[in-house]
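Below, the structure is given as structure tokens:
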């Protein structure tokens, strides 16, 4: 069981959303942020560097948005939909864009395949959480 | 002239938005993130700690959202409105909430007055940028 | 297998350190950062709030140091020991302090027990990596 | 007067270090983080992209280390020298490396000149603070 889930299960108050969905989203966001950071570095090592620029930019944005959302969702104060809602929407949008771009490179670059998968899982987990919150 | 503005003025490509508005938003976001982090620490030193909990939580979220938005706006790739739009909306919402709460404590705690001001400036700068982008 | 490990295994260049140790450290750092953020929020919900202030402050620092180190270690450029070395030392120190403080509260607050465990695992993983790098 | 300085001047407790040095370091760290993020994006837009890879990697690390140090120094709990000391050393090392690399490109790329300046100012401010703390 992930730390995110354990911390939700020991939270000294009510958790506003289904703990399973929330923990899955937090874990997926945290994984996606790390994968994107690592993929940028891998992209920078490739021969066809100019073709990787879009992927690098999207991964950089994706990492920042996912990191912030990991933090906000890890706090119960987050369940102000005026904040968590658009934040999740930003995540869904950047994970979609970044996942699409990574998949374009997946055949040639295994690291992009891995990162693209992290983006897809994250996009999906954020969608499910947003649906449950609204 | 801030580094943000200098870097926009030396950008080796077209900047998608008015550079003045963008630099103001980046600077305000960066200032607001730092002010919120410092205000959390100041709040934790106050006697009436239980009354400061809401302020602490909002400042924590505000710092994270503003930091991520500083980073995303600092990249030209950000001008995908599907990402930057909801991100700015999340900023506006959390800066509004956090600024309101800080102002409630401003008479008794000078640091909350200062932080509240950083939130107001940031909220305003994000609104102006979002208006210019849409 | 974690994304961190998968991305190391698909890295288009040489990885400067044992990939298993490195992936373990990255995963532990990422987990610890999230656990600390969540524990701050849980601490803020406790009745004995004034007794939790030290724990909150340490968790805040621990989260920031671990997040930055996750990112730096996820890049191969990190293997400049002049940067990664002190960064890992800062992690080890703050994870030690934060883990000690969390354990003091572990009997009364389950969330502190969980967070303390994340700190211990992280401290250990950072020590092993630092040993392997020097 | 910067928000960092205003928040130190209204801190409800003793500040462990000279407030002027501390505020200067916090402001320089925050500026340097933003400059490095923006410079990465500018580098990615250059024709001689392969020659910019080292600069990009160093800027990415520099941004992460400076952001975390901004946060830790913004909290009074930071004045545990076991944590703040190595963190400042990591900053000094990465700002030195990143500043050197940016200066190598300064004649051809104005944005690197600006970013290099932010790194130098930050390195200097961190050195002065570390001297004052030890």
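Residue numbers (the numbering used here), protein chains in the order written: chain L, 1 to 134; chain C, 1001 to 1134; chain G, 2001 to 2134; chain E, 3001 to 3134. The C-beta atom is built at its ideal place from N, Cα and C for all residues, glycine as well.
Sub-8 Å separation of residue i and residue j beta-carbons
i: residue 63 of chain L; j: residue 2003 of chain G; result: no
i: residue 33 of chain L; j: residue 1090 of chain C; result: no
i: residue 3112 of chain E; j: residue 3039 of chain E; result: yes
i: residue 1042 of chain C; j: residue 3081 of chain E; result: no
i: residue 65 of chain L; j: residue 1093 of chain C; result: no
i: residue 1012 of chain C; j: residue 3046 of chain E; result: yes
As assigned by DSSP and simplified to three states, the class of residue i
i: residue 3047 of chain E; result: coil
i: residue 13 of chain L; result: coil
i: residue 3027 of chain E; result: helix
i: residue 3079 of chain E; result: coil
i: residue 1001 of chain C; result: coil
i: residue 3111 of chain E; result: helix
i: residue 3105 of chain E; result: helix
i: residue 2018 of chain G; result: coil
i: residue 2067 of chain G; result: helix
i: residue 3054 of chain E; result: helix
Candidates the options, of which the one nearest residue i by Cα
i: residue 60 of chain L; options: L:102, L:37 and L:11; result: L:37
i: residue 2028 of chain G; options: G:2130, G:2123 and G:2132; result: G:2123
i: residue 3049 of chain E; options: E:3031, E:3108 and E:3012; result: E:3108
i: residue 1100 of chain C; options: C:1055, C:1005, C:1084 and C:1070; result: C:1055
i: residue 1076 of chain C; options: C:1103, C:1026 and C:1106; result: C:1026
i: residue 2087 of chain G; options: G:2103, G:2070, G:2102 and G:2132; result: G:2070
i: residue 3128 of chain E; options: E:3057, E:3085 and E:3001; result: E:3085
i: residue 132 of chain L; options: L:102, L:1, L:106 and L:79; result: L:79
i: residue 3097 of chain E; options: G:2057, G:2121, G:2001 and G:2083; result: G:2083
Assumed close pair residue i, residue j - CB separation to whole angstroms, cut-off 8 Å
i: residue 3183 of chain E; j: residue 44 of chain L; result: Residue 3183 of chain E cannot be examined here, being either before or after the span of chain E that is shown, 3001 to 3134.
i: residue 3035 of chain E; j: residue 3095 of chain E; result: With a Cβ gap of about 11 Å, residue 3035 of chain E and residue 3095 of chain E do not count as contacting.
i: residue 22 of chain L; j: residue 73 of chain L; result: 7 Å
i: residue 3134 of chain E; j: residue 1110 of chain C; result: Wrong, their Cβ atoms sit about 30 Å apart, outside the cutoff.
i: residue 3005 of chain E; j: residue 3019 of chain E; result: 7 Å
i: residue 24 of chain L; j: residue 2030 of chain G; result: The pair is not a contact, with the Cβ atoms about 16 Å apart (cut-off 8 Å).
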